[in-house]
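Okay, so here's the structure we're looking at.
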Amino acid sequence: MHYFRVLDACHYIGHAAPSHLFFQFARDNEFVSVKDGERYFELAREPKQIAWYDHCNVDGQLA
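Numbered per our numbering, the sequence shown spans residues 194 to 256.
Right under this line is the structure:
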C-alpha cells in the first residue's frame, strides 16, 4: 500500500532535532525489525541515544 509511505517515520525523524531522541527497540520484535530500528536511528540527528532489548513483551498484541 504505497499511500502509507507518507506515514513512515523515516520522512520526519530528521526534523526532530534539537529534541533529544531516545530509541528503544527489541531484537525480537515483529513490528520493528533490527534493520528498521538502526535505519531510524541513523536518520535522526543528534542528540540521540539507542537501547536494545531482547524481547518487546507484547505477545503480538498492540498496546
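Glycine included, every Cβ here is placed at the ideal spot set by N, Cα and C.
Should residue i go down as buried or exposed, given a rule of 16 or more other Cβ atoms within 10 Å for buried?
i	result
residue 237	buried
So, for residue i: in the same chain, excluding its five sequence neighbours on each side, which residues have a beta-carbon less than 6 Å away from its beta-carbon?
i	result
residue 214	237 and 241
residue 230	218
Which same chain residues, not among the five before or five after residue i, have their C-beta less than 7 Å away from its C-beta?
i	result
residue 206	233, 236 and 237
residue 248	219 and 221
residue 198	none
I'd like to know whether the C-beta atoms of residue i and residue j end up nearer to each other than 7 Å.
i	j	result
residue 216	residue 243	yes
Measure how close the beta-carbons of residue i and residue j come, nearest whole angstrom, since I'm counting them as under 8 Å.
i	j	result
residue 209	residue 239	Contact doesn't hold; Cβ gap of about 11 Å is too wide.
Leaving out the 5 sequence neighbours to the left and right, which residues in its chain are closer than 8 Å to residue i when beta-carbon positions are compared?
i	result
residue 203	232, 233 and 236
So residue i is in the alpha helix (DSSP H); what residue range does that whole segment cover?
i	result
residue 236	227-236
Would you give the residue range spanned by the beta strand (DSSP E) that residue i belongs to?
i	result
residue 221	214-221
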